[in-house]
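Reviewing the structure listed below.
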Amino acid sequence: MSDVIYVSKETLEQLKEELHRMRTVDRPAAARAIAEAREKGDLKENAEYDAAKEAQGILEARIKKLESDVASARILSAENVDTSKVSILTKVTLTNLNTKKQITYKIVSEKEADLKAGKISVTSPIGKGLMGKVKGDVAEVQVPAGMIKLKIEEITV
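For the sequence shown, the residue numbers in numbering that gives the first Met the number 0 are 0 to 156.
Structure (structure tokens):
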């Protein structure tokens, strides 16, 4: 079994729904595509058959990965989050001391990260740099653009 992944209840439900769809809709569709391609004759020179088999292999790998993710998923609840320090599921308001701009991020699991929605992964450079810090701390974080200093202004759920 793979490492434990922490997700919200909603994300776990989305993963389960995607897995169910892949098993009940996508897998039979892939089998039909292979059967249709097989009916077209010689398999040695049948590009459609090769493509259908390759697509099936990719689908099966994705199903296996989702099965592993669902099996190793643990639900995180905001009710148990300690807001005295930065941790997963906390919302952190920061001041970038390089630019003097303020930004708020929610620290989430890799599966839930969405920068446009202000959700950063606990395993991202900024997420790692903020973990365990308390209000008033300054985190120095190495990002692709260089070293940034982030002052923690507020930690909430």
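Idealized CB from N, CA, C, for every residue including glycine.
Just so we're clear, the structure is a prediction, and the values are computed from it rather than from any experiment.
Check your understanding: Below 8 Å between beta carbons: does that hold for A72 and I4?
Key -> Result yes, Cβ atoms of A72 and I4 sit closer than 8 Å.
Practice item. Give the C-beta separation of T23 and K110 to the nearest angstrom, bearing in mind that I take them to be a contact with Cβ-Cβ under 8 Å. Key: Here T23 is actually not in contact with K110; their C-beta atoms are around 22 Å apart, not less than 8 Å.
Exercise for review: Hey, could you find the ends of the alpha helix (DSSP H) A46 is sitting in?
Suggested key: A46 to S71
Point to revise | Coil, strand or helix - D40 by DSSP | key: As written in the sequence, residue 40 is Gly, which differs from the Asp given in the question. Coil.
Check your understanding: Taking the Cβ atom as the reference point for each residue, do K156 and L93 lie within a distance shorter than 8 Å?
Key -> Checking the sequence, you will find Val at residue 156 rather than Lys. Going by C-beta atoms, V156 is not nearer than 8 Å to L93.
Point to revise | Distance, A138 Cα to I147 Cα | key: For I147 and A138, the distance between alpha carbons rounds to 8 Å.
Practice item. Could you give the DSSP three-state label for A138: helix, strand or coil? Key: strand
Point to revise | Beta-carbon proximity list for I77, same chain, < 6 Å, skipping 5 on both sides | key: Reading off the sequence, residue 77 comes out as Ala, not Ile. The answer, listed in chain order, is L88 and V156.
Practice item. Could you tell me if the beta carbon of E111 falls within a distance shorter than 7 Å of some heavy atom in the ligand ATP? Key: Summarising the ligand content, the structure contains no ligands, and the ligand ATP is consequently not present.
Check your understanding: With respect to the beta strand (DSSP E) encompassing E17, which residues constitute its N-terminal and C-terminal limits?
Key -> No beta strand (DSSP E) contains E17, which is instead part of the alpha helix (DSSP H) from K8 to R20.
Review point. Is K132 buried or exposed, if buried means 16 or more other CB atoms sit within 10 Å of its CB?
Key: buried
Review point. Can you round the beta-carbon distance between L114 and S7 to whole angstroms, since I take them to be within the 8 Å contact cut?
Key: About 17 Å separates the two Cβ atoms, so there is no contact after all.
Review point. What separation, rounded to the nearest whole angstrom, lies between the Cα atoms of G145 and P124?
Key: For G145 and P124, the distance between alpha carbons rounds to 11 Å.
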